[in-house]
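Protein chains in written order, with this note's numbering: chain A, 2 to 277; chain B, 2 to 277. What follows is a short report on a single structure.
In C-alpha cells, the structure reads:
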C-alpha cells in the first residue's frame, strides 16, 4: 500500500485506527481457548467486525511465537486472510527485529516475501546497516522504533547524548535519510506528548505509528494536537481496548462497536481537507 | 545448563566454541537445496560432526523465519535434536527480541517454554522493563546485546552519552544488576578488542558471547587476551567458517574438521586451571 493510498483510506474511513491483534490465548473467550486454531479463529472474527473502521492491523509476533510452530502458522494465516478479504488495509508485523546485514536480509525475506506483510517494525540498536536491507523493498514499509510507550524508554531512548540530543532523536535523524516518507515510519508512544511535538518538527511528512493510547494512559486528543499533519500522518494503535472489549461469544461485536466509537472520535479530529 | 556446568564443559572439551547454525538455504549443498526439510537435515549432520568440539550452538531465527512456518518447525526440530542427543551443549536462540513487558513475557514463553532453548539474545533498546520478564526464568540464560560486531555499532552503541559513557556501557551497567552471572551474558563483538578490555573490567565474572571472529575480521587471540577470565568467560561464535566450510556431500566432515581446528587453537589459550 502506497503513502497516497494510505492517506486515501484514512479519508474514506475517517479513521487512522490501527487495530493490534495481540491475540493472547489466555485472554480469548472461553469457547475458543482449547481450539488448536484459536488465534486465527479469534482474529478472523475480530477482523471482519472491525475492518470497516481500521486502516491498519498490527500483529505482534510474540503472541504467535508463544504458541510454537502452530502459532507461526496462524500468524501467516491471519496475514493472508486480511490481504485476501480486506486488501485496502495495511498489514503490519510488529516484530521489532534487528540484526547484521546478511541476517537482516533474511528477516526482510521472512516478512516481506514469505509472510507478505506491508510493513515491519525494527529495533535500531545495532545501527543503520541493520535497517538498510529492509529499505531495499521499495513497495514495503519499514517502521523504526524511536520512542516507545513503556516506562523503560527512559533507560536508553530518552538518555541524552554528548551533543545534547536524546538517543531517540539521533535514531530518527540517522535513519530518516535511509528512505523516503513513502517507505519509512517511526514508532512514537502516546505517553510522550511533548516529545511528539519534537518528532513532528523533525519529520513533518512521515507517518508515525503511535501505541500507548488507552490502557497505557496516552490521550488521543493530545496525540492529534501534537502529532497530526495535513495528511494525518498518524496511525494510532489500540489492541486490548478493542479486541478484548468483551470475552463472551459476542467478542467480535463488542470489538466492532469499540472500533466504531474510536473512529467516531477520530473522524472529528481529522483535517477537513481529508474527510471533506 | 548452569554456570558451573558450562565452565565444566569448557574444561572437558578444552573449547569455548559456539557453532552458529545460520543455515541459509541458498548456501546449502546442492543435494539438499530442494528438500523441504533441508535446514533440519543440514543441521543434524553438522551437529553430529561438531558436537565433540562445540560447547554451544546458536540458532539465528532469521534463517528459519525466512522459510515461513516450515522454517519455524525446523528451528524447533533442531533445538529438540540437540537437547536429546547432546544434552550437555548450550542451545542459544539468537532472536534479538525486545518488547514491552506483557509482550516480552510471551517471547519468554515462546523461547524458554515452547521451544525450550537454554538461552535467548535480546535487544536492550526499549529499556530494562523489556528485559526483566526473561530473567524470571532463573534456570535460563538471558543474553543482552551490548556492542555488536557490525560497522553500524558506531551509529548508536558507541555513541557517547552526556556523562561521557558510551551507550553500550550504559546498557551493561543498567542491565548487569538485573540478574546474576549465572543467568546473564552480554554480546560483545570481536571486532572491538579495546572495548572488550573495558567490558571485562565492568563484568569480571560474566560470560560474554563473542561474534565476529573469522569472516568479520576479529582475532581469537586478541579476544582471549582482552576478554578471558579464570572461568574462561567467553563463548566465541563461528558460523559460516564452520558450517559452510565445504558445500559438497562431505559438508559435515569439513565442518567437523574446521571445528576441531578451532578447538585445538582454543585449547592452547585456556587457563591451565580449567584444562589441567
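Backbone N, C-alpha and C fix where the C-beta goes; we use that ideal spot for every residue, glycine too.
### Query
residue 267 (chain B) versus chain A: which residues are under 9 Å apart at the beta carbon?
Counting from 1 along the second chain, the entry for residue 267 (chain B) is found at position 266. What residue 267 (chain B) touches in chain A: nothing, since even the nearest Cβ is about 23 Å away.
### Query
Considering residue 57 (chain B), what are the terminal residues of the alpha helix (DSSP H) in which it resides?
Position 56 of the second chain, counted from the first residue, corresponds to residue 57 (chain B). Residue 57 (chain B) -> not in any alpha helix (DSSP H); beta strand (DSSP E) instead, spanning 55-61.
### Task
Could you give the DSSP three-state label for residue 109 (chain A): helix, strand or coil?
The residue labelled residue 109 (chain A) in the question sits at position 108 within the first chain. Note: residue 109 (chain A) maps to helix in three-state DSSP.
### Task
Hey, could you find the ends of the alpha helix (DSSP H) residue 259 (chain A) is sitting in?
Locating residue 259 (chain A) in the first chain gives position 258, where the first residue counts as 1. Start and end: 252-270.
### Task
For residue 219 (chain B), go through chain A and note every residue whose CB falls closer than 7 Å to its CB, in chain order.
For the purposes of this step, residue 219 (chain B) is taken as the residue at position 218 of the second chain. Ordered by position in chain A, no residue passes the 7 Å Cβ test against residue 219 (chain B), which lies about 13 Å from the chain.
### Message
Quick check: what's the CA-CA separation for residue 134 (chain B) versus residue 180 (chain B)?
### Response
Counting from 1 along the second chain, the entry for residue 134 (chain B) is found at position 133. Counting from 1 along the second chain, the entry for residue 180 (chain B) is found at position 179. If I take the Cα positions, the gap works out to 11 Å.
#### Entry: Chain-order list of residues whose beta-carbon lies under 7 Å from that of residue 139 (chain A) (same chain, five-residue window excluded)
In the first chain, residue 139 (chain A) corresponds to position 138, counting from 1. Correct list, in chain order: 184.
### Message
Beta-carbon within less than 6 Å of residue 16 (chain A)'s beta-carbon, same chain only, minus the 5 sequence neighbours each way: which residues are those?
### Response
Residue mapping note: residue 16 (chain A) aligns to position 15 of the first chain, counting from 1. So the qualifying residues of the chain are 54, 56, 264 and 267.
### Task
Mind the definition here: the segment 80-95 of chain A touches the segment 78-86 of chain B only if three or more C-beta pairs lie below 8 Å; say whether that holds.
no
### Message
If contact is defined by three or more beta carbon pairs under 8 Å, each pair taking one atom from either stretch, is the segment 166-179 of chain A in contact with the segment 108-118 of chain A?
### Response
no
### Task
Pull up the distance between the alpha-carbon of residue 19 (chain B) and that of residue 229 (chain A), whole angstroms please.
Indexing the second chain from 1 puts residue 19 (chain B) at position 18. Indexing the first chain from 1 puts residue 229 (chain A) at position 228. Roughly 49 Å separates the two Cα atoms.
### Task
Give a yes or no on whether 8 Å exceeds the smallest Cβ distance from residue 97 (chain B) to chain A.
Translated into the one-based positions of the second chain, residue 97 (chain B) becomes position 96. Yes, residue 97 (chain B) counts as interfacial toward chain A.
### Task
Go ahead and pull the three-state DSSP assignment for residue 130 (chain B).
Counting from 1 along the second chain, the entry for residue 130 (chain B) is found at position 129. Note: residue 130 (chain B) maps to helix in three-state DSSP.
### Message
For the structure I just gave you, are there three or more beta carbon pairs, one from the segment 188-200 of chain A and one from the segment 216-234 of chain A, closer than 8 Å?
### Response
yes
### Query
For a contact meaning CB atoms closer than 9 Å, what does residue 207 (chain B) contact in chain A?
To locate residue 207 (chain B), count along the second chain from 1; it is residue 206. Simply none; closest approach about 19 Å.
### Message
Measuring straight from C-alpha to C-alpha, what distance separates residue 60 (chain B) and residue 273 (chain A)?
### Response
Your numbering for residue 60 (chain B) matches position 59 in the second chain. Your numbering for residue 273 (chain A) matches position 272 in the first chain. The straight-line gap from Cα to Cα measures roughly 52 Å.
### Task
Buried or exposed for residue 238 (chain B), please, with buried defined as at least 16 other CB atoms from any protein chain shown within 10 angstroms of its CB.
For the purposes of this step, residue 238 (chain B) is taken as the residue at position 237 of the second chain. Flag for residue 238 (chain B) reads buried.
### Task
In angstroms with no decimal places, state the Cα-to-Cα distance between residue 96 (chain A) and residue 5 (chain B).
Along the first chain, read from residue 1 onward, the residue named residue 96 (chain A) stands at position 95. Along the second chain, read from residue 1 onward, the residue named residue 5 (chain B) stands at position 4. Cα to Cα, the separation comes out at about 34 Å.
### Query
When Cβ atoms are compared, which residues of the segment 80-107 of chain A fall closer than 9 Å to chain B?
95, 96, 97, 98, 99, 100, 101, 102, 103, 104, 105, 106 and 107
### Task
Can you give me, in chain order, the residues of the segment 107-121 of chain B that have a beta carbon less than 9 Å from any beta carbon in chain A?
107, 108, 109, 110, 111, 112, 114, 115 and 116
### Task
List the residues of chain A that residue 58 (chain B) touches, going by C-beta distances under 7 Å, in chain order.
Along the second chain, one-based indexing puts residue 58 (chain B) at 57. Under the 7 Å cutoff, chain A gives no residues; its nearest Cβ is about 16 Å from residue 58 (chain B).
### Query
Can you tell which of B:254, B:240, B:275 and B:269 has its C-alpha closest to the C-alpha of residue 22 (chain B)?
For the purposes of this step, residue 22 (chain B) is identified with residue 21 of the second chain, where counting begins at 1. Comparing Cα positions, the closest option is B:240.
### Task
Could you check if residue 75 (chain B) is buried or exposed, using at least 16 other CB atoms within 10 Å of its CB as the buried criterion?
Position 74 of the second chain, counted from the first residue, corresponds to residue 75 (chain B). Classification for residue 75 (chain B): buried.
### Task
Mind reading off the beta-carbon distance from residue 122 (chain A) to residue 144 (chain A)? Whole number of angstroms is fine, and I expect it under 8 Å.
Position 121 of the first chain, counted from the start, is the residue given in the question as residue 122 (chain A). Position 143 of the first chain, counted from the start, is the residue given in the question as residue 144 (chain A). The Cβ separation is near 5 Å, so the contact holds.
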